[in-house]
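Okay, so here's the structure we're looking at.
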Amino acid sequence: MTSSPNLNGDIPVECWIDRWLPAAWRPYCRLMRLDRPIGTWLLLFPCWWSAALAAEGWPDLWLFALFAIGAVVMRGAGCTVNDWADRDFDGKVARTAARPIPSGAVSPRQALLFLVAQLLVGLLVLLQLNWFAIGVGAASLLLVFPYPFMKRITYWPQAWLGLTFNWGALVGWAAVRGDLTLAPVLLYIAGLFWTLGYDTIYAHQDKEDDILVGVKSTALALGENTVAALWVFYGLALILFAAAGWSAGLSWPFWPLLGVAAAHLAWQAWRVDIDDSSDCLAKFKSNRHFGWLLLLAIVVGRLG
1 MTSSPNLNGD IPVECWIDRW LPAAWRPYCR LMRLDRPIGT WLLLFPCWWS AALAAEGWPD
61 LWLFALFAIG AVVMRGAGCT VNDWADRDFD GKVARTAARP IPSGAVSPRQ ALLFLVAQLL
121 VGLLVLLQLN WFAIGVGAAS LLLVFPYPFM KRITYWPQAW LGLTFNWGAL VGWAAVRGDL
181 TLAPVLLYIA GLFWTLGYDT IYAHQDKEDD ILVGVKSTAL ALGENTVAAL WVFYGLALIL
241 FAAAGWSAGL SWPFWPLLGV AAAHLAWQAW RVDIDDSSDC LAKFKSNRHF GWLLLLAIVV
301 GRLG
């Protein structure tokens, strides 16, 4: 990755964490990746999309707030599990050696205790939902904990991440309607293919280091075929997003706005340079814009 005076490996320095928080809090906030919120957005959007898809009119803003809190703490919990599991690998890679656990700022035991605290906060958020949604949400833990080990087993850990990160597509609908139908299932599968696309782009930043430390990714599996695969992943995602909107009965304004969102994904696949780490990171982060575009399409389609 291109070096930067504002980065220590992949950790931003002199950011709001350094300026505003007590020194003792900083490594834990970095363990949660609070200084890099894109992962929280990518976890949050499927919840918001689904809650908006299930709404009768305007989405429930209280639910939106609960999902936002839940996304912050559960993304933090996922990062904590990931860093704990990868602590030996991360210490061997320049980009990740400064992370809290391999650098010694947080011990493995402290990380596990912090994980328990985050999961308790996540549980408090989950308990605000109906019982059906609580059950659906709790089931996500079956995916969360194995994820860090998938890169040791398969060249497709990004698929497991897709299953995990898009679980909110089921929880959001369940929280509004107390059931699951075809629409949220289609949304969930669409999110899986969306994640396969953006996280494959992200994985190209680490492909040289992954080879050195012996872990796997779709970036290594696909290699020079990545761009062609992105068109497939994003194309399938858009077909399924459209099917979810049709199944939920969204009105006509959904379709042109979905087209705008589709153009954004097409731009990513067309313009990404898989051999330029900084471009891969920029394209990966741009998925926040796609998330907002799709949310706008769903809300307007529900109101129209």
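Quick note on numbering: UniProt numbering labels position 136 of the sequence shown as 136, and the sequence is numbered without any gaps. Idealized CB from N, CA, C, for every residue including glycine.
Query, Result
"Cut-off 8 Å between Cβ atoms - residues of its own chain near Ala221, not counting five sequence neighbours on either side", "Tyr155 and Trp156"
"Proximity below 8 Å, CB of Val81 to CB of Val144", "yes"
"Contact between the region 177 to 191 and the region 61 to 72 (3+ Cβ pairs under 8 Å)", "no"
"Exposure of Ser3, with buried meaning 16 or more beta-carbon neighbours within 10 Å", "Low confidence applies here, because Ser3 scores a pLDDT of 39, under 50, leaving its location unreliable; read the following figure in that light. Classification for Ser3: exposed."
"The region 180 to 197 touching the region 233 to 247, judged by at least three CB pairs closer than 8 Å", "yes"
"Cβ pair Trp194, Ala262 closer than 8 Å", "no"
"Exposed unless 16 or more other CB atoms sit within 10 angstroms - verdict on Arg152", "exposed"
"Element boundaries [alpha helix (DSSP H), containing His204]", "Premise fails: His204 is in no alpha helix (DSSP H) and is neither H nor E."
"For Leu120 and Pro100, the rounded distance between their alpha carbons", "21 Å"
"Cα-Cα separation, Ile189 to Leu212", "33 Å"
"Nearest-angstrom Cα separation, counted from Ala242 out to Ile69", "28 Å"
"Unbroken alpha helix (DSSP H) run spanning Thr226, endpoints", "Thr226 to Ser247"
"Collapsed DSSP secondary structure at Pro146 in the structure displayed", "coil"
"Sequence ranges, beta strand (DSSP E) only - wholly within the region 80 to 151, length at least 3", "none"
"Three-way DSSP call (helix, strand, coil) for Pro27 in this model", "helix"
"Leu163 versus Asn287: straight-line alpha-carbon distance, rounded", "17 Å"
"Contacts around Arg87, its chain only, beta-carbon distance under 7 Å, and the 5 residues preceding and following it disregarded", "Ile101, Pro102 and Pro108"
"Arg271, buried or exposed, once every other Cβ within 10 Å from all chains shown has been counted against 16", "exposed"
"Cβ-based burial, Arg19 [other Cβ within 10 Å; buried from 16]", "exposed"
"Residues near Leu53 in its chain [Cβ-Cβ closer than 8 Å; skip 5 each side]", "Gly172, Trp173, Ala183, Pro184, Leu187, Ala244, Gly245, Ala248, Leu250, Ile298 and Arg302"
"From Phe67, Met32, Pro146 and Pro46, residue whose alpha carbon lies closest to that of Gln128", "Phe67"
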